[in-house]
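S.K.: For reference, each letter of the sequence shown is one residue, going 58 to 360 in this note's numbering.
First, the structure itself, so that you have it in front of you.
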Amino acid sequence: MDRRSYLKSTSAAMAALALAGCTSGGDGGSDGGSEATGTTESGGEMTGTETGTETDGDGGSSMPDKVVIGSDIPYRPFEFETAAGELKGFDVEIARAVFDEELGITSEFKKTSFDTIIPSLKQGNFRVIMSAMTINEERAKEVDFSEPYFTAYQTVIVRTDSDIQSKDALKGATVGVQKGTTGLAAAEGLKEEFGGDLELKEYDQITGAFDALTNGQVDAVINDNTVNAEFVNNQDGARFLEGEGAAAEQGEDAPPYLTLTVENYGIAFRQDDDEFREQVNEALAAIRESGTYDDIYGNYFSG
């Protein structure tokens with residue numbers, strides 16, 4: 058099997074699976090002038106005002122000069138730092154296309170632990186979340202989402218020499234997951250399906266789960282397909298667990314490995330930020346129409 062096929066997650070699948078996002082909340086507009094400490098591309102600290110300068114004399118909205126983006130880094134290939142400290146990744150390039158190029162405002166990423174990222178958004182530590190975040194009902198009670206911009210699957214990887222060859226063979230195994238993620242939720246669902254016969258080990262970052270797999274501390278890792286693929290493609294000792302699953306059940310053009318869920322990523326906003334969210338949705342649509350989205354997608358997931 059060509060390892061490149063592990064990255065299969067097409068724009069067509071996203072269009073077919075596009076969710077309504079979530080209900081809007083609050084009275085619209087933005088809360089002005091809260092400060093946030095952000096991480097620059099070089100890894101340094103920068104303090105800036107999220108909402109920027111008020112505009113319009115007819116009761117219009119405030120347009121930020123800069124948008125601070127909360128994100129769990131590293132989460133390759135969506136957001137990660139190079140050895141030189143440069144911030145890279147699919148989310149990073151999409152953010153630059155949406156905010157810097159389409160909306161004409163400066164984007165700045167702020168490192169934030171994923172399991173606390175929604176409370177941190179609500180506390181005003183940054184304006185939006187862009188961190189390979191799956192749209193789901195539980196999160197939609199606390200934040201509003203943009204239109205979906207990526208489709209992903211929860212998948213299972215094991216060591217190459219593992220005896221585990223099917224989903225059922227995971228019974229009794231120890232599985233590594235990242236805290237606060239839909240990978241954890243998928244693992245908890247699998248544990249329930251197995252009548253509790255599955256041990257879960259939670260890690261602050263997905264790299265901890267990958268290290269545990271390499272070191273034999275867990276038998277498998279459950280996580281997003283593209284992030285798992287990035288690890289598998291760079292490790293001789295890891296492979297995907299194969300088999301049909303959620304994607305095939307939904308009639309999707311299923312990838313050649315077990316899929317526990319089908320999910321859509323969105324940009325998360327506070328529930329009082331409706332007008333800015335709509336502006337971002339328009340910018341997302343614009344980069345799709347112009348072909349910019351496909352170009353960025355091709356840089357990370359095609360070939």
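Every residue gets a Cβ at the ideal spot worked out from N, C-alpha and C, and that includes glycine.
Helix, strand or coil: which one does DSSP assign to aspartate 201?
M.R.: Reduced to three states, the DSSP call for aspartate 201 is strand.
S.K.: Anyone know if the C-beta pair for alanine 325 and valine 124 falls short of 8 Å?
M.R.: No.
S.K.: Give the list of continuous beta strand (DSSP E) stretches no shorter than 3 residues that lie fully inside the stretch 152–210.
M.R.: Segments of the beta strand (DSSP E) lying fully in the stretch 152–210: 163–168.
S.K.: Are three or more beta carbon pairs between the stretch 284–298 and the stretch 128–137 nearer than 8 Å?
M.R.: Taking 8 Å as the limit for Cβ pairs, the verdict is that the stretch 128–137 does touch the stretch 284–298.
S.K.: Does the separation of the CB atoms of serine 164 and glycine 127 fall below 8 Å?
M.R.: Their beta carbons are not under 8 Å apart, which means serine 164 does not touch glycine 127 by this criterion.
S.K.: Could you tell me which uninterrupted beta strand (DSSP E) segments, each at least 3 residues in length, are contained entirely in the stretch 229–316, listed from first to last along the chain?
M.R.: Those beta strand (DSSP E) runs which fall completely within the stretch 229–316 and span 3+ residues are 231–235, 256–260, 277–281 and 295–297.
S.K.: Return the first residue and the last residue of the alpha helix (DSSP H) that glycine 355 is part of.
M.R.: Glycine 355 -> alpha helix (DSSP H) spans 349–358.
S.K.: Please classify serine 118: does DSSP put it in a helix, a strand, or coil?
M.R.: With a pLDDT of only 49 at serine 118, under the threshold of 50, the placement of this residue in the model should not be trusted, and no figure is reported.
S.K.: May I ask you to list the residues that DSSP assigns as paired with arginine 216?
M.R.: The partner list for arginine 216 (beta bridge, DSSP) reads Ala295.
S.K.: Can threonine 217 and alanine 295 be called in contact, C-beta distance under 8 Å?
M.R.: The answer is yes: Cβ separation under 8 Å.
S.K.: What does DSSP give as the partner residue(s) for leucine 144 in the beta ladder?
M.R.: Per DSSP, Glu138.
S.K.: How is isoleucine 126 classed by DSSP in three states: helix, strand or coil?
M.R.: Note: isoleucine 126 maps to strand in three-state DSSP.
S.K.: Relative to the C-alpha of glutamine 328, which residue among Ser203, Gln307, Ala304 and Glu309 is closest?
M.R.: Here the closest residue by C-alpha is Ser203.
S.K.: Just to confirm my understanding: we take arginine 334, look at its own chain, exclude 5 residues before and 5 after, and list those with CB closer than 7 Å. What are they?
M.R.: The residues are Asp201, Ser203 and Phe326.
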